[in-house]
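Asks: This note's numbering runs 110 ahead of the 1-based position in the sequence shown. Positions of the beta carbon are idealized from the N, C-alpha and C atoms, including for glycine. Please read these numbers as outputs of a predicted model, since none were measured by experiment.
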Amino acid sequence: MKAITRSQYGGPEVLQIKEVPDPSPKKNELMVELHSATVNRTDCSALTGKPYLVRTFIGMFTPTAIPGTDFAGEVVAVGAEVKDFSVGDRVWGFDDQGLQSYAKYMCIKEHRGVAKIPENYSYEKAAASAEGAHYAFNGLKNLQLESGSKVIVNGGSGAIGSATIQLLKYLNVYVTAVANTKNIDLMKDLGADKIYNYESEDFTKDQERYHYVLDTVGKSHFRACKPLLLPGGIYTSSELGPNAENLYLPFLTYFSSKKVKFPIPTNCRRSVLYLNRLITEGKFEAVIDRAYDPKDIADAYNYVSSGQKTGNVILNLHKL
Ligand SMILES: NC(=O)c1ccc[n+]([C@@H]2O[C@H](COP(=O)([O-])OP(=O)(O)OC[C@H]3O[C@@H](n4cnc5c(N)ncnc54)[C@H](OP(=O)(O)O)[C@@H]3O)[C@@H](O)[C@H]2O)c1
């Protein structure tokens with residue numbers, strides 16, 4: 111089969127399209143013919159091997175040969191013990207520990223992060239419902255969110271941010287979103303109650319007070335956002351922050367009225383199943399920026415690494 115491959119960590123120049131052996135499903139695995147994946151910020155870390163922590167999952171010195179963390183496609187074979195999937199099923203999923211989806215085929219264990227694509231949801235939308243939405247779900251799952259909670263989301267236009275806003279609106283939470291001029295209409299479409307244009311306004315000067323400040327793009331810091339929080343309020347970020355402060359501030363603020371929490375993402379399966387339910391109910395729809403063909407994979411990585419995508423960037427694997 112054809113696959114996008116690499117033999118070392120580095121920039122997009124290490125990627126090549128090559129012929130490699132077809133995978134074959136073990137007894138508890140599905141073999142999927144891939145239609146779409148995304149190029150996302152997790153893939154960017156896996157490409158360079160930085161931060162070094164990512165290498166514990168995909169190889170300390172030499173990375174797994176085929177990149178790719180999410181997928182959508184059709185089941186073409188199942189192992190003898192697979193119970194819940196059949197040949198012909200349309201499936202999607204996510205796994206940030208060496209999935210290797212940038213290929214014509216891949217195999218995944220049926221109890222990992224994989225689900226049947228809801229009716230009338232495209233392969234592109236399914237692939238785009240994985241990575242950012244997984245981190246969004248993990249960022250929210252330990253917070254005490256309820257109808258009437260007030261949350262400010264910095265970076266509402268990214269993969270994590272656009273999913274976070276939708277998950278919050280599903281819970282009937284009041285959302286203030288921060289984005290740039292070109293994404294103001296998107297923030298309205300996603301259901302934001304109030305919007306800050308970060309190009310002309312400073313959201314940290316907002317006079318409203320919030321239960322949570324969620325920086326899904328890692329562009330703020332706790333000290334500047336602390337006045338926005340109500341007593342008992344919590345600040346989280348998707349990035350480590352200056353001097354990795356978001357790793358130690360949770361300990362320093364543990365007994366304070368206003369706290370920092372740093373969400374550690376786990377359990378891709380739980381996220382995929384939760385999102386699948388929301389997609390089926392018509393309560394979640396992935397935001398897609400643009401699509402690239404496999405031959406343009408370097409351009410796709412360069413665009414995603416710029417930190418300027420809106421939602422998700424698709425890779426057309428059916429064109430491999
Ligand atoms: N902790 C984890 O486990 C984990 C996992 C995955 C990703 N991440 C990190 O989480 C961050 C977000 O990932 P993502 O995939 O959601 O990002 P992304 O899709 O690349 O999105 C970035 C978005 O943020 C907007 N933006 C840029 N600067 C901004 C600012 N100062 N204020 C508000 N919005 C701004 C950009 O819009 P414009 O540039 O067009 O204005 C763009 O739409 C990344 O830093 C990524 O490395 C963390």
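Keeping to the same chain, check which residues put their C-beta closer than 6 Å to that of L430; ignore five residues upstream and five downstream.
Replies: Within the sequence shown, numbered from 1, the residue matching residue 430 stands at position 320. Around L430: K112, K214 and P404.
Asks: Use the C-beta contact count for L357: other C-beta atoms within 10 angstroms, 16 or more gives buried, fewer gives exposed.
Replies: The residue labelled residue 357 in the question sits at position 247 within the sequence shown. It is exposed - the Cβ of L357 has fewer than 16 other Cβ atoms within 10 Å.
Asks: Compute the beta-carbon to beta-carbon distance between A269 and E241, rounded to the nearest angstrom, for a pair I have assumed lies under 8 Å.
Replies: The sequence position of residue 269 within the sequence shown is 159, counting from 1. The sequence position of residue 241 within the sequence shown is 131, counting from 1. Indeed, because the Cβ distance is near 6 Å, the residues count as touching under 8 Å.
Asks: Considering Cα atoms alone, identify which of N248, A236, M170 and V192 is closest to R222.
Replies: Counted from its first residue, the sequence shown places residue 222 at position 112. Comparing Cα-Cα distances from R222 to each of N248, A236, M170 and V192, the minimum goes to V192.
Asks: Would you report the Cα separation of Y345 and K368, rounded to the nearest angstrom?
Replies: If you number the sequence shown from 1, residue 345 lands on position 235. If you number the sequence shown from 1, residue 368 lands on position 258. Each residue's alpha carbon lies about 8 Å from the other.
Asks: In the structure shown, what three-state DSSP assignment does V201 receive?
Replies: The count along the sequence shown starts at 1 and reaches residue 201 at position 91. Reduced to three states, the DSSP call for V201 is strand.
Asks: Give the DSSP-derived three-state secondary structure of V414 in the structure shown.
Replies: Residue 414 sits at position 304 when you count from the first residue of the sequence shown. The answer is helix: DSSP assigns V414 an H, G or I state.
Asks: For a test of the three-state rule: what should DSSP assign to Q126, helix, strand or coil?
Replies: Numbered from 1 along the sequence shown, position 16 holds the residue referred to as residue 126. Correct three-state label for Q126: strand.
Asks: With distances taken from each beta carbon to the nearest heavy atom of ligand 1, which residues come in below 6 Å, in chain order?
Replies: This selection yields N150, R151, T152, G242, Y245, N264, G265, S267, G268, A269, I270, G271, V288, A289, N290, Y308, T326, V327, G328, K329, S348, E349, P375, G417, Q418, K419 and T420.
Asks: In terms of alpha-carbon separation, which member of F394, M297, Y364 and P375 lies closest to S348?
Replies: Translated into positions along the sequence shown, residue 348 becomes position 238. Out of F394, M297, Y364 and P375, P375 has the C-alpha closest to the C-alpha of S348.
Asks: List the whole-angstrom C-beta distance separating Y280 from K137, where the pair is believed to meet the contact cut-off of C-beta under 8 Å.
Replies: Along the sequence shown, read from residue 1 onward, the residue named residue 280 stands at position 170. Along the sequence shown, read from residue 1 onward, the residue named residue 137 stands at position 27. In fact, because the Cβ distance is near 37 Å, the residues do not count as touching under 8 Å.
Asks: Relative to the C-alpha of K219, which residue among E355, G203 and Y233 is closest?
Replies: Along the sequence shown, read from residue 1 onward, the residue named residue 219 stands at position 109. Among E355, G203 and Y233, the Cα nearest to that of K219 belongs to G203.
Asks: For N248, which residues in the same chain have their Cβ closer than 6 Å to its Cβ, ignoring the five residues on either side in sequence?
Replies: Working through the sequence shown from its first residue, we reach residue 248 at position 138. P373 and P375.
Asks: Please determine whether the Cβ atom of I270 lies at a distance below 8 Å from any heavy atom of ligand 2.
Replies: In the structure shown, ligand 2 is absent; the only ligands present are ligand 1.
Asks: Looking at I407: is its Cβ nearer than 9 Å to the Cβ of P228?
Replies: Walking along the sequence shown from the start, residue 407 turns up at place 297. Walking along the sequence shown from the start, residue 228 turns up at place 118. For I407 and P228, no; Cβs fall outside 9 Å.
Asks: Between which two residues does the alpha helix (DSSP H) containing Y233 stretch?
Replies: What you label residue 233 is simply residue 123 of the sequence shown in a count that begins at 1. Note, Y233: alpha helix (DSSP H), Y233 to A237.
Asks: Taking its Cβ as the centre, do 16 or more other Cβ atoms sit within 10 Å of F102, making it buried, or is it exposed?
Replies: Beyond the ends of the chain as shown, which are 111 and 430, falls residue 102; an answer cannot be given.
Asks: Label F195 either buried or exposed according to how many other C-beta atoms from any shown protein chain fall within 10 Å of its C-beta, with 16 as the threshold for buried.
Replies: The sequence position of residue 195 within the sequence shown is 85, counting from 1. That one is buried.
Asks: Mind checking F361: buried by the 16 CB within 10 Å criterion, or exposed?
Replies: Indexing the sequence shown from 1 puts residue 361 at position 251. Flag for F361 reads exposed.
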